[in-house]
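Just so you know, the sequences run in chain order A and B. Just so we're aligned, residue 11 is where the first sequence starts under my numbering, counting upward by one. Just so we're aligned, residue 11 is where the second sequence starts under my numbering, counting upward by one. What follows is a set of notes on a single structure, which appears directly below.
There are 2 protein chains.
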Amino acid sequence: MKSASPDEVDRAAAAAAAAFYPYSRSEPALRARFLRAIAQGIEGLGDALLECAARETALPQARLAGERARTCMQLRLFAGIAESNSWIDAQVDHADPSRQPQPKPQLRSRLVALGPVVVFGASNFPLAFSVAGGDTASALAVGCPVIVKAHPAHPETSALVGGVVSKAAAACALPAGVFSLLFDTGFDVGMALVRHPQIMAGAFTGSRTGGLALWRAAQARPVPIPFFAEMSSVNPVFVFPGASMAYADTIAAGLHASITGSVGQLCTKPGLIFVLKDAATEHWIDTLAALVSRGAPGTMLTASIHSACQRGLAERTAIDGVTLLAQAALPPGTAGAGAALMAVEVDTFLRISALQEEIFGPTSLIVYCSAPRDYLRCARSLEGQLTATVWAGPDELRGEDELLWVLEQRAGRLVFNGFPTGVDVGTATVHGDSRFTSVGTRALARFVRPVAFQGEAP
Amino acid sequence: MKSASPDEVDRAAAAAAAAFYPYSRSEPALRARFLRAIAQGIEGLGDALLECAARETALPQARLAGERARTCMQLRLFAGIAESNSWIDAQVDHADPSRQPQPKPQLRSRLVALGPVVVFGASNFPLAFSVAGGDTASALAVGCPVIVKAHPAHPETSALVGGVVSKAAAACALPAGVFSLLFDTGFDVGMALVRHPQIMAGAFTGSRTGGLALWRAAQARPVPIPFFAEMSSVNPVFVFPGASMAYADTIAAGLHASITGSVGQLCTKPGLIFVLKDAATEHWIDTLAALVSRGAPGTMLTASIHSACQRGLAERTAIDGVTLLAQAALPPGTAGAGAALMAVEVDTFLRISALQEEIFGPTSLIVYCSAPRDYLRCARSLEGQLTATVWAGPDELRGEDELLWVLEQRAGRLVFNGFPTGVDVGTATVHGDSRFTSVGTRALARFVRPVAFQGEAP
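Given below as structure tokens:
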């Protein structure tokens, strides 16, 4: 697809700004109808959409079918929220004309839409975090026009879905500016959108480098705007000895699936596994290592993601103290990526901060600790994370409240005796490492602001 | 008071960080007791507090008594919120073990405290926006330790209230680090606190220069933190002809009180008044001008605020097209500030952006428009505001929805047929120009983040 020109960026921003007034004042039922029409339109694309996405991303069609179901479910979830209008969080403080020394006026307040939002499609979810993904659905639900900057890794999939959204807007007689889709093989269009005075917020899922550059541009504007960036996460897992005893096979098989699913290209892939050295733990690590060695390689989303993964793995294993426990064999001449399991001692982990960096791909690092109190030290050393997972036997977390509290400070989601991949979308979902979530119904909180009304309009 | 040394800053931050775990895990009832003990302690200081504050700020004791009542009301309001624990906004998505292709886990979520918060006392509210003001109350309610950087304009008042807070913490057997008070005559201490790795958020009310410098420092940290700055606002007022006819005297007297109350040193003082040129409007403007001319001068909070006000007024009236309609006469040798009312034509207003800058003091600018559609142009030209006020006669706003919508985009509070000064503190209060309020129960939203829990801790 041709990259958008500066003029096209301006036109999309002007159209979004012009659409903001009527769209933010539109009936809740109309926005709901719009979102449902998008979901229906996506389903109406049938297998052609899945085939296109599979061709562009190398993701299996079964996974893409699941992602499509999630995408449409999200759209309908937000349609329900738009329709109920409950998100406006209406509050009233009643008047008291007899109050002294001054009468008390009536004060009502509600949340309102923030304005045109730029959404950045992510490479690893061509449907659920892309053109009509959760960011777009939550922004449209509350009355914000959306401009999507398509991810260059799946332009045709983006164009197919973009066509559906525009058609749904037209069918609902909404101004065309409620939704625009722009393409770019580089960074200029995204940067121009974030800097555009008509844009009031940004939502991004992707690499730390890209996300930080856009975040900085958003903050450097004459009037800064919120820029919500979901970037890297290493999703630490802490395994207590009782769990190693009780759930060895479950842990080994589950971690393997969680590390290698979607060729490790999930933001919630477990990249750090903290364990104690005991026989039960060594047993499931052996099992996990065997699964990793035997696993089939997969094709990654793009050549540059593949080479970044290979480079990350080479750099990681070159660090003194890091050992390669297992690696999937690659048939000669294969361009795919095979899983890798590494290990390191806790002191080395705490000394070398590079070991906390995400490798986007099917790799993970075991961190051998001497005692559970090492878990607290390691947890304290962590940056913000999308998830943190704890495996423990019955009553084994008694006395570990401070560790759980530290993980609460670091992570948006704490998983008990489960695996971090597979994000369920609902009211309680938190997918973020700071004050906001990009997934679930709370995601709309990013695109609203409160306004109070004092007295009654005459 | 002696400025805090870098070592004292470090100690306060370390104490706050150490207090964060126990305090954020403390019983809701204990935090409520703490907040109520602070309110009771402030009341227990009696007239000595009001006398001290009056001496330091030149504000009349009656106004300070009202501010004390508001401060204690806020503390008790947040005590009630802490006690009810309703702010955690608990959500549950129930498990569905039979779901295909994967079982659905139970997901619960809630809001948790963000961490140690630095609060900057404001010069113009020595009690309600200072040591134990709304920022401190809302942060303490949700379990965030607080470090207050006292405003240098009222150090003794700050020390008196700080003593009360520390005594209340001790009485509740809370770690001393839940609250610290630091002094500084310059900017180093505040800057060091905002940059300190243990500080997780900042709250500020004051000048644009100071607020922006601190905001930039917060964003430039290796891990940026939210910094909530309430800075300048010119609080536009739009008067429709029907209101000029029906409410001439009310408007003149009310605007005069709103412009000159607290010597114009309120962030919600109306600084821009948009009117149409008709006989009824000229009538109340004459009345307002007469009130301004006859008004007594007042002493401003500090010498530097006084000289900034005088300078602002001189610069404003030097602008070609700005006329001085009325100014309070100052007896010779008086150092006080007298009110001033200026006027300008709409085209000049739209051309010169400096006319939108706040003059912190008892001045306001009438903007003469030719037709109601000028109101829409002017509203669109405005920056973010704490308030926007509309005066209109019955049915006069029919057809003005777009103006009201534009004002909704620009302001945190829309006032109908009222005056912007006098902020009522409650559930519906919005005091802010962006996505957050620093006043009212929603103020706590600044200091929390959501966390999800998947599965049950074994």
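Even glycine gets a Cβ: it sits at the ideal position worked out from N, Cα and C. For clarity, every value in this text was computed on a predicted model and none was experimentally measured.
Query raised in the report: What does a CB cutoff of less than 8 Å around A186(B) pick up in its chain, not counting 5 residues either side in sequence?
Result: A25, A29, S176, A179 and A180
Query raised in the report: Using 8 Å as the limit for Cβ to Cβ distance, is A149(B) near chain A?
Result: no
Query raised in the report: Is the beta carbon of A353(A) less than 8 Å from the beta carbon of I369(A)?
Result: no
Query raised in the report: In angstroms, rounded to a whole number, what distance separates the CA positions of L286(B) and I295(B)?
Result: 11 Å
Query raised in the report: Using the beta-carbon of each residue, which ones in chain B are nearer than 7 Å to Y31(A)?
Result: E412 and W415
**Report entry** Exposure label - Q110(B); buried when at least 16 CB within 10 Å
**Finding:** By the 10 Å Cβ count, Q110(B) comes out exposed.
Query raised in the report: Just curious, the beta strand (DSSP E) that E393(A) is in, first and last residue?
Result: Here E393(A) belongs to no beta strand (DSSP E), and DSSP marks it neither H nor E.
Query raised in the report: Is the CB of S444(A) under 8 Å away from at least one CB in chain B?
Result: yes
Requested in this report: Spatial neighbours of F457(B) within its chain, please: CB distance less than 7 Å, with the 5 preceding and 5 following residues excluded, ordered by chain position.
Outcome: A123, L124, V127, S148, A149, V152, C154 and A211
**Report entry** Limits of the unbroken beta strand (DSSP E) element including K159(A)
**Finding:** V156 to K159
Report task. Please name the residue, chosen from P307(A), H104(A) and F135(A), that lies closest to R80(A) on a Cα-to-Cα basis. Result -> When each option's Cα is compared against that of R80(A), the closest is F135(A).
Query raised in the report: Taking G144(A) as the reference, which of E77(A), A169(A) and L191(A) has the closest Cα?
Result: The shortest C-alpha separation from G144(A) is found at E77(A).
Query - Cβ contact check for the stretch 420-431 of chain A and the stretch 84-92 of chain A: 3 or more pairs under 8 Å - result: Because the criterion of three Cβ pairs below 8 Å is not met, the stretch 420-431 of chain A and the stretch 84-92 of chain A do not touch.
Query raised in the report: Are the CB atoms of A49(A) and L117(B) nearer to each other than 8 Å?
Result: Not a contact, by the Cβ cut-off of 8 Å.
**Report entry** Interface positions of the stretch 447-464 of chain B facing chain A (Cβ-Cβ less than 7 Å), listed along the chain
**Finding:** T447, R452, R459, P460, V461, A462, F463 and Q464
Requested in this report: On a CA-only basis, which of F359(B), E66(B), A223(B) and F139(B) is nearest R205(B)? Give me that one, please.
Outcome: A223(B)
Query raised in the report: What is the DSSP secondary structure of D103(A), reduced to helix, strand or coil?
Result: Of the three classes helix, strand and coil, the one that applies to D103(A) here is strand, per DSSP.
Query raised in the report: Where does the unbroken alpha helix (DSSP H) through G51(B) begin, and where does it stop?
Result: P38 to G54
**Report entry** Beta bridge counterpart(s) of V400(A) as assigned by DSSP
**Finding:** F248(A) and F426(A)
Query raised in the report: Name the chain A residues that come within less than 9 Å of G403(B), Cβ to Cβ?
Result: Per Cβ cutoff of 9 Å: P468.
**Report entry** C-alpha gap between C62(A) and D443(B), whole angstroms
**Finding:** Approximately 45 Å between the Cα atoms of the pair.
Query - Sequence-distant residues of its chain with Cβ nearer than 7 Å to R387(B) (five each side left out) - result: L360
**Report entry** Exposed unless 16 or more other CB atoms sit within 10 angstroms - verdict on L340(B)
**Finding:** exposed
Query raised in the report: Counting contacts by CB-CB distance shorter than 8 Å, is L117(B) in contact with chain A?
Result: yes
Query - Interface partners of K114(B) on chain A, CB under 7 Å - result: Chain order gives the chain A residues near K114(B) as D434, where near means a beta carbon separation below 7 Å.
**Report entry** Backbone CA spacing between G346(A) and V273(A) [nearest angstrom]
**Finding:** 9 Å
Report task. On a CA-only basis, which of L74(B), E410(B) and L191(B) is nearest K12(B)? Give me that one, please. Result -> L191(B)
Requested in this report: Report yes or no: is there a C-beta of chain A within less than 8 Å of the C-beta of F426(B)?
Outcome: Chain A contact via Cβ: present.
Query raised in the report: Apart from the five residues on each side of it in sequence, which residues of its chain come closer than 6 Å, Cβ to Cβ, to Q320(B)?
Result: If we look at Q320(B) and ignore the five residues flanking it on each side, it has no Cβ neighbours.
**Report entry** Selected residue, minimal CA-CA separation from S243(A), among L282(A), A267(A) and V332(A)
**Finding:** L282(A)
Query raised in the report: Terminal residues of the continuous alpha helix (DSSP H) containing M201(A)?
Result: D198 to R205
Query raised in the report: In terms of alpha-carbon separation, which member of F193(A), F426(A) and L203(A) lies closest to A253(A)?
Result: Ranking F193(A), F426(A) and L203(A) by Cα distance to A253(A) puts F426(A) first.
Query - Host alpha helix (DSSP H) of A289(B) (start-end) - result: A289 to R304
Query - Alpha-carbon to alpha-carbon, N95(B) and E37(B) - result: 9 Å
Query raised in the report: Cβ of Q366(A) less than 8 Å from any chain B Cβ?
Result: For Q366(A), no Cβ of chain B is located within less than 8 Å of the residue's own Cβ.
**Report entry** the ligand HEM heavy atom lying under 7 Å from the CB of H293(A)
**Finding:** Here there are no bound small molecules, and the ligand HEM is not part of this structure.
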